[in-house]
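**Q** Per the numbering used here, the sequence shown starts with residue 13, numbered consecutively.
For every residue, glycine included, the Cβ atom is placed at its ideal position computed from N, Cα and C.
Note that this is a predicted model, so its numbers are computed, not measured.
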Amino acid sequence: MKTTIQYLVSILLFISIFYSCVHDDDYEIPSIENCSEVVIPVTKTVQEIYDTSTSTVTQYTLQDVLEAYVISNDQAGNFFKRLHFQTLDGSRGFSIPIDLSDSYTIFNSGRKVYIQLQNNYIQLHFDGLEIGNYFFDDATQLASIGKIPAANYKNIIIKTCTVVEEDKLTNKITLSEITDAHLNTLIELKDVQFEDAALGKTLYDANNDIGGATNYTIEDISKTSIKFRTSAFVNFGTTAVPEGNGTIRGVLTKFRNTYQLLSRTLDDINLNGDRKRIGFAENITGTKINISEVRTLFTGTDTQLLDDVFIEGIITMSGIDHNNMTERNAFIQDESGAIALRFSAATSLKRGYKVKINLKDVVLGSLRGLLQANI
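(1) Is asparagine 282 helix, strand or coil by DSSP?
(2) Just mark serine 22 as buried or exposed, buried being the case when its beta carbon has 16 or more other beta carbons within 10 Å.
(3) Using the Cβ count rule (16 or more neighbours within 10 Å means buried), how would you classify alanine 80?
(4) Evaluate the contact criterion for the region 210–217 versus the region 163–181: three or more CB pairs, one atom per stretch, below 8 angstroms.
(5) Under 7 angstroms between the Cβ atoms of isoleucine 414 and aspartate 346?
(6) Rounded to the nearest angstrom, what separates arginine 268 and methionine 337 at their Cα positions?
(7) Can you list, in chain order, the residues of its chain with a C-beta nearer than 6 angstroms to that of glutamine 75? Leave out the 5 residues immediately preceding and following it.
(8) What does a CB cutoff of less than 6 angstroms around serine 188 pick up in its chain, not counting 5 residues either side in sequence?
(9) At 3 residues or longer, and completely inside the region 122–156: list those beta strand (DSSP E) runs for me, N to C.
(10) With contact counted as at least three CB pairs below 8 angstroms, one residue from each stretch, are the region 238–254 and the region 89–101 in contact?
(11) Pick out whichever of Thr66, Phe343 and Gly223 has its Cα sitting closest to the Cα of glutamate 388.
(12) Tell me the rounded alpha-carbon separation between phenylalanine 343 and arginine 354.
(13) Helix, strand or coil: which one does DSSP assign to asparagine 220?
(14) Going by other Cβ atoms of all chains shown within 10 Å of its Cβ, with 16 needed for buried, is isoleucine 238 buried or exposed?
(15) Just the Cα atoms here: how many angstroms apart are leucine 195 and leucine 273?
(16) Are the beta-carbon atoms of phenylalanine 388 and lysine 368 separated by less than 7 angstroms?
(17) Here's the rule I'm using: 16 or more other beta-carbon atoms within 10 Å means buried, otherwise exposed. How should leucine 379 be labelled?
(18) Please return the same chain residues whose Cβ sits closer than 6 angstroms to the Cβ of arginine 123, not counting the five positions on each side in sequence.
(19) Grouping DSSP H, G and I as helix and E and B as strand, with all else coil, what is valine 34?
(20) If aspartate 203 and aspartate 232 are in contact, beta carbons under 8 angstroms, what's the gap, nearest whole angstrom?
As structure tokens, then:
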């Protein structure tokens, strides 16, 4: 009996201690990282270094320090031996080539760092700021920014214990808002989707390899576009190109005059919305009439339609689908009949599309006896 009582007392004591340790108001998950905070006086902004940089590789001799935040991640393989950093407000970014693999285990996204500039080299390469070693290519006789050796990076990139939530670092913008100021920063593009030509393929396609990566076009409803680049070494390269519309997050880079977006992981790609038909109006106004009525409006010579009317039907044939037609031509049909469409420029209409077409100011004409609407 005495043994039983002692056992019950021990259990009750354990329960009491357990609950006192996990009280909602007092309990905090302890940090698993053994980190000693470092504070170094910051003497320059990224913008100031950007303003003093040119396309010529130049040694920086002053004892200046930058504050920046890591935004790249080489875990999935789309980044290799290059770190990208930006300011807290996302107003400027830069990159540092570094001879270090698996850098994500040290410099995770959102990590605050200090950059010691003295005796490093700076350059604007395709309008983006690079910081690193001096490298001279004997073959091309050109200088560029080279990798910081693995043995020396700790003297240049000083890691702190501070980690900022990624959303606070992300510039959420549209394609038309992209400027050089966004280079080497983390951006999230809104209301975008992959081009039609990419559908049915994988994010990396060996048959579409340009310099060790695949470039696809991503675009929005206004037809503004940018290149999306996926390395041959990325671990999500065999993933099918998403068909939907939504957001894509990544680091903005530039090759010559072409902007390129590089996602860090598959989680950066969120295209779960309905796909949009690029280049088409969101809404069509006017009074609906059928195609048979349109045909009655033709006077025998070129006839301009002045009323605000529209037709609705199915594209039955398009120049995109047939090599014997120009991409400026298509045919549309409804329950009353059909009519040829002649556009002033190439159209992205495809067979099977259900569309509405406003006919105000459209000219009806005849070509070799075939009635067509000149749009």
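**A** Taking the coordinates as given:
(1) As a working note, residue 282 is residue 270 in the sequence shown. Strand, per DSSP.
(2) As a first step, residue 22 must be located in the sequence shown, where it is residue number 10. Only weak support is given to the placement of serine 22: the predicted model assigns it a pLDDT of 42, under 50, and the value that follows is read from those uncertain coordinates. When all chains shown are included, serine 22 counts as exposed.
(3) Here residue 80 is taken as the residue at index 68 of the sequence shown, counted from 1. The residue is buried, with at least 16 neighbouring Cβ atoms inside 10 Å.
(4) no
(5) This structure leaves residue 414 out entirely; the chain is present only between 13 and 387.
(6) Stepping through the sequence shown from its first residue, residue 268 is reached at position 256. Stepping through the sequence shown from its first residue, residue 337 is reached at position 325. Rounded to the nearest angstrom, the two C-alpha atoms are 36 angstroms apart.
(7) In the sequence shown, the residue the question calls residue 75 occupies position 63. Once the five neighbours on either side are set aside, the close Cβ partners of glutamine 75 are Gln130.
(8) The residue you call residue 188 lines up with position 176 of the sequence shown. For serine 188, where only same-chain residues beyond five positions count, the Cβ hits under 6 angstroms are Thr236.
(9) 123–128, 133–137 and 140–149
(10) yes
(11) With the chain running from 13 to 387 in the structure shown, residue 388 is simply not present.
(12) Walking along the sequence shown from the start, residue 343 turns up at place 331. Walking along the sequence shown from the start, residue 354 turns up at place 342. Rounded to the nearest angstrom, the two C-alpha atoms are 9 angstroms apart.
(13) What you label residue 220 is simply residue 208 of the sequence shown in a count that begins at 1. Three-state DSSP puts asparagine 220 in a helix.
(14) Here residue 238 corresponds to residue number 226 of the sequence shown, with the count starting at 1. By the neighbour-count rule (16 or more Cβ atoms within 10 Å), isoleucine 238 is buried.
(15) If you number the sequence shown from 1, residue 195 lands on position 183. If you number the sequence shown from 1, residue 273 lands on position 261. The alpha-carbon atoms of leucine 195 and leucine 273 are separated by roughly 10 angstroms.
(16) Outside the shown range of the chain (13 to 387) lies residue 388, about which nothing can therefore be said.
(17) Looking up residue 379 in the sequence shown gives position 367. The residue is exposed, with fewer than 16 neighbouring Cβ atoms inside 10 Å.
(18) Taking the first residue of the sequence shown as position 1, residue 123 is located at position 111. Cβ neighbours of arginine 123 beyond the five flanking positions: Val82 and Val175.
(19) As a working mapping, residue 34 is identified with position 22 in the sequence shown. With a pLDDT of 41 at valine 34, under the threshold of 50, the modelled position of this residue cannot be trusted, and the question is left open.
(20) Along the sequence shown, one-based indexing puts residue 203 at 191. Along the sequence shown, one-based indexing puts residue 232 at 220. Between aspartate 232 and aspartate 203 the Cβ distance is about 5 angstroms, and since that is below 8 angstroms, they are a contact.
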